[in-house]
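Numbering (the working numbering), first residue to last: 4 to 637.
So the structure is just underneath, and the comments pick up after that.
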RNA sequence: GCCGAAGUGGCUCAGUGGUAGAGCAAUUCACUCGUAAUGAAUAGGUCGUGAGUUCAAUCCUCACCUUCGGCUCCA
C-alpha cells in the first residue's frame, strides 16, 4: 500500500501498519511529538491501523486537531484522577475546548477550589506512571450493559441516544474506562504540564431544566514553558480587564442602584463622544441620514413588529395613562414608523436611516459583565430601505463600511453567516432568498465565512463580524441583517417607476454593535493606552516648581484654545512623582515645563511608554498634536 | 434565572464571638525640587442590607442585594 504524506512524499508498505509506526519510520521525534493522525481527511488515533492506500497527516500540538486530541486525553486524565479520589462519582461528558478541556461530574458531596490542587496532584501521579491508553469497541447493547453495570446514568443516556447499529469505541487507561469517539494520545505520560483553572456549575446537556453538574476546567500543554506562557496571557488579560481600567481611569462605573446600567463619568463621556464624532464622519461620507426615535412606545407597536411574540421576556413594560407601553429593546420599529410617515418614490431608495438608539433589554442577572453585557446600551443602528435589486450593492457597501471602521482600530476580524432560527417569522422561501443574497455578497467579495446554523434574528438571516483584539480574543460586534418581514408587517411601500406600490426590503445593521461593549473592547485592546485622538486626556502639563506655574498655565490655555484635551499638575510635588502619576494615568503626552522651558517658550515632551522625546516650541508642539488628532478623522 | 465564591474607609487587602487595622489615595504643613514614589501630621469605616442565635455579632445561622467565575442567553 502507498501512504501519501502531507508534503506529497510517498512511502510504500507491504503490510498494514499503524499510524504511530509510520511516524516512527519517518523520525523518532515525530513519533514522540505526534498527537493524532488525519487519515484521508478523518481524525484518527495514532494507533489506527492503515490497511490501504491512504493520505496521512501526523498532527502535533501546534495544529488544532493535535491540540484537540491532547486536551481530550487530558480530560480523561482528569476523570481518572477524580475517580481515584472520589469513588462513586458519576461521569457526564469531558470534551476538549479552545485552550484546554473540561469534564462534568456529579459528585456526592460538593467540592471546593482547594480540592483542585489534590486532583491536580493525582493527575501528575498518573502522568508519571505513563499508563498506556488503549482503544476497543463494543456494540451498542454491550456498551449499554457496561454503563448499567457501572451505574453510569449519564453514559446510559448518551449511549441510548446513538443509533441501534452503532459500534461504540472505548478508551481505557489503567483502571479508568470511558466511552469516547477519540482520537486520544498513546499514553498518559505525554501530558507534561497541567493546570486546573476553575470550578463551575453546568447543566447536563446545557439545558437549565436539567440537573446542575460540577464542571472542572483545566488546560494542559506538552511543555511546561507553554503552560507558563499561557498563564502569562491570562495575567495579561486580567491587567487589561476593562472593569478594572474603567474604574482606575474614571471612565465609567456601576452602582448597586442600577445593576447592569452603566454610568459614564466625564472622561468616559469624552471617549464616547470622540468615538461618535468619528462614527458620524464615516456615516456622513457613506450617505446616511441620522434620526432619533422614542425610548418608549405603545405595546400595540411591539405586537405589530413581532417583538411582543418573539422578544417579550427581554422587554421592560410600563404604563402611560392606563395604556401598556414598552421600553424599546431594538430601534427598528421606530425607524419603520418614520419611513411610513411619508410617501416614498423609488428615487428615494436606497434610504439609509441611522440611529444611535438607547435600547434596554432585560438580561438575566447572572450574565451581566461590565460594559460587555449590560441592560441598557446604545446601538449604532441603521436601517436601509431599498428595492429587491439594490440588496447586493447595499450589503456590499455595508461590508465595506464595517471593514473600514475595524481597520481604523487595527482589528482583524472574521465573518459568520447565521441562518433561520426555530423561533422566527416568515416563509422558508423568503428566508432562502435572503440567506442566499447575503452569502452571494460574501462570495463575490471573496470573504471566507463560517455558517452559524439557526442563529439568525427572528426576522431575518445575518452576517456577523467577530473582531479579534490585540491579545487574540474574539468579540461579536457588527451585524448585517436582511429583513423581508418587518416592512410587510408595517405595510411599508414605495411608488415604483411603474407607478405601482411596492414593498421595500430592509437591512438592519450595526458597526460597533453596542457603543458600550465596543468601548469595553477598545479598553482591553489598547490596555487603556488609547491612541492620541481617542484619549480622554491627551496631554498633561507638569511643572517642575512653583516658580513656573504661570508659564505652565499659559501652555495649558494655549492647548485648550487649540482643541487639545489637556490637564495640568502644578502641585507642590517633585517632578518624578508627577511623571510617574501621569504615566500611570496612561496620558499619551506629558509636557515637562521648568525654568529652561519658560525662558525659551518650549516644552519638554515625554511620550507614554517611550520616555523623553526632546524639546519643542509651542508652535511645533501644536502642529504635531494636530497631525496626531487628524487620525481620528475618517 | 441556576451552580460555586466573595462583599471590611475612595482603591488594594489584613483581622477577631468582647463594637476594627495596613499600604496607596485624600487633606494640612515643611521642602522649591528636572523625567516612574520627599518627609511629617490629620481626617475618614454603624465591617453590603434585614432578621435570628448569644450576656455580647463585622465574625455563627437564615433571607435579600450586589459583584466575581461558569451554565444558559446575547450587541
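Every residue, glycine too, gets a C-beta built ideally from N, C-alpha and C.
As the structure is a computational prediction, the values presented were derived from the model and not from experiment.
Identified DSSP bridge partners for residue 488 = In the first chain, residue 488 corresponds to position 485, counting from 1. None; residue 488 has no bridge partner.
inquiry  = For the structure I just gave you, are there three or more beta carbon pairs, one from the stretch 539–556 and one from the stretch 594–608, closer than 8 angstroms?
reply    = yes
task = Would you list the residues sitting across from residue 356 in a DSSP beta bridge?
result = The residue you call residue 356 lines up with position 353 of the first chain. According to DSSP, which records beta bridges pairwise, residue 356 is partnered with 292, 386.
query = What runs of the alpha helix (DSSP H), each 4 residues or longer, lie entirely inside the stretch 426–499?
reply = DSSP runs (the alpha helix (DSSP H)) wholly in the stretch 426–499: 431–447, 488–492.
inquiry  = Can you tell me which residues form a DSSP beta bridge with residue 222?
reply    = Within the first chain, the letter at position 219 stands for residue 222. The partner list for residue 222 (beta bridge, DSSP) reads 198.
key: Helix, strand or coil at residue 14 [DSSP, three-state]   = In the first chain, counting from the first residue as 1, residue 14 sits at position 11. Residue 14 falls in the strand class under three-state DSSP.
key: Contact check, residue 37 vs residue 62, beta carbons under 8 angstroms   = Locating residue 37 in the first chain gives position 34, counting from the first residue. Locating residue 62 in the first chain gives position 59, counting from the first residue. Contact flag set, yes.
message = Just verifying my parser: in three-state terms, what is the DSSP assignment at residue 381?
response = As a working note, residue 381 is residue 378 in the first chain. DSSP places residue 381 in strand when its eight states are reduced to three.
ask   = For the 8 angstroms Cβ check, are there 3 or more pairs between the stretch 179–195 and the stretch 130–145?
value = yes
Best match in 88, 75, 127 for proximity to residue 102 [C-alpha to C-alpha] = Counting from 1 along the first chain, the entry for residue 102 is found at position 99. If you compare the alpha carbons of 88, 75, 127 with that of residue 102, the shortest gap goes to 75.
task = In angstroms with no decimal places, state the Cα-to-Cα distance between residue 199 and residue 123.
result = Along the first chain, read from residue 1 onward, the residue named residue 199 stands at position 196. Along the first chain, read from residue 1 onward, the residue named residue 123 stands at position 120. Approximately 7 angstroms, taken between the alpha carbons.
key: Of the listed residues 109, 563, 470, 485, nearest to residue 414 (C-alpha basis)   = Walking along the first chain from the start, residue 414 turns up at place 411. Cα-wise, what sits closest to residue 414 is 470.
message = Tell me whether residue 282, by its Cβ, gets closer than 7 angstroms to a heavy atom of the ligand SAH.
response = This structure lacks the ligand SAH, and indeed carries no ligand of any kind.
key: Unbroken alpha helix (DSSP H) run spanning residue 339, endpoints   = As a first step, residue 339 must be located in the first chain, where it is residue number 336. 335–343 is the span of the alpha helix (DSSP H), which, as asked, contains residue 339.
task = At 4 residues or longer, and completely inside the stretch 75–150: list those alpha helix (DSSP H) runs for me, N to C.
result = 116–132
query = Roughly how many angstroms separate the alpha carbons of residue 197 and residue 71, rounded to a whole number?
reply = Looking up residue 197 in the first chain gives position 194. Looking up residue 71 in the first chain gives position 68. When rounded, the distance between both Cα atoms is 15 angstroms.
inquiry  = Quick check on residue 63: does DSSP put it in helix, strand or coil?
reply    = Locating residue 63 in the first chain gives position 60, where the first residue counts as 1. Of the three classes helix, strand and coil, the one that applies to residue 63 here is coil, per DSSP.
task = With a threshold of 16 other CB atoms inside 10 Å of the CB of residue 225, please say whether the residue is buried or exposed.
result = On the first chain, position 222 is the one that residue 225 refers to. Classification for residue 225: buried.
message = With the cut-off set at 8 angstroms, would you say residue 537 and residue 274 are in Cβ contact?
response = Start at 1 with the first residue of the first chain, and residue 537 comes out as number 534. Start at 1 with the first residue of the first chain, and residue 274 comes out as number 271. The answer is yes: Cβ separation under 8 angstroms.
ask   = Do residue 363 and residue 461 have their C-beta atoms closer together than 8 angstroms?
value = Within the first chain, residue 363 is the residue found at index 360, counting from 1. Within the first chain, residue 461 is the residue found at index 458, counting from 1. Not a contact, by the Cβ cut-off of 8 angstroms.
inquiry  = Tell me whether the stretch 233–248 and the stretch 513–521 touch, counting them as touching only if at least three CB pairs, one residue from each stretch, are closer than 8 angstroms.
reply    = no
query = Hey, residue 331 and residue 337 are a contact pair by Cβ (cut 8 angstroms); roughly how many whole angstroms apart?
reply = Locating residue 331 in the first chain gives position 328, where the first residue counts as 1. Locating residue 337 in the first chain gives position 334, where the first residue counts as 1. Between residue 337 and residue 331 the Cβ distance is about 7 angstroms, and since that is below 8 angstroms, they are a contact.
request  = Please report the residue range of the beta strand (DSSP E) in which residue 567 lies.
outcome  = Position 564 of the first chain, counted from the start, is the residue given in the question as residue 567. Taken as a continuous stretch (DSSP letters only), residue 567 belongs to no beta strand (DSSP E), as it is neither H nor E.
request  = Taking only the alpha-carbon atoms, compute the straight-line gap between residue 205 and residue 366 and give it to the nearest angstrom.
outcome  = By one-based count along the first chain, residue 205 stands at place 202. By one-based count along the first chain, residue 366 stands at place 363. Straight-line Cα distance between these residues: approximately 19 angstroms.
request  = In the DSSP assignment, find the unbroken beta strand (DSSP E) run with residue 405 in it and report its ends.
outcome  = Locating residue 405 in the first chain gives position 402, where the first residue counts as 1. No beta strand (DSSP E) holds residue 405; the alpha helix (DSSP H) holding it covers 394–411.
inquiry  = Quick check on residue 6: buried or exposed, where buried means 16 or more other Cβ atoms within 10 Å of its Cβ?
reply    = Numbered from 1 along the first chain, position 3 holds the residue referred to as residue 6. Burial call: buried.
ask   = According to DSSP, is residue 543 helix, strand or coil?
value = Here residue 543 refers to the residue found at position 540 of the first chain. Of the three classes helix, strand and coil, the one that applies to residue 543 here is strand, per DSSP.
CB of residue 608 within 8 angstroms of CB of residue 617, strictly = Along the first chain, one-based indexing puts residue 608 at 605. Along the first chain, one-based indexing puts residue 617 at 614. In contact: residue 608 and residue 617 (Cβ atoms closer than 8 angstroms).
request  = Identify every residue that forms a DSSP beta bridge with residue 419.
outcome  = Taking the first chain and counting its residues from 1, one reaches residue 419 at position 416. 453, 467.
request  = Quick one: using the 10 Å Cβ neighbour count with 16 as the cut-off for buried, is residue 588 buried or exposed?
outcome  = Taking the first residue of the first chain as position 1, residue 588 is located at position 585. So residue 588 counts as buried.
Three-state class that DSSP yields for residue 366 in the structure shown = For the purposes of this step, residue 366 is taken as the residue at position 363 of the first chain. If DSSP states are grouped into helix, strand and coil, residue 366 belongs with coil.
query = Going straight from the alpha carbon of residue 389 to that of residue 555, what length do you get?
reply = Locating residue 389 in the first chain gives position 386, where the first residue counts as 1. Locating residue 555 in the first chain gives position 552, where the first residue counts as 1. Distance between the alpha carbons of residue 389 and residue 555 is about 56 angstroms.
request  = Identify, in the order they occur along the chain, each residue of the same chain with its Cβ nearer than 6 angstroms to the Cβ of residue 109, setting aside the five sequence neighbours on each side.
outcome  = Indexing the first chain from 1 puts residue 109 at position 106. The residues are 93, 216.
ask   = In this structure, does DSSP put residue 27 in helix, strand or coil?
value = In the first chain, residue 27 corresponds to position 24, counting from 1. If DSSP states are grouped into helix, strand and coil, residue 27 belongs with the helices.
The stretch 173–183 / the stretch 138–148 touching (three or more Cβ pairs under 8 angstroms) = yes
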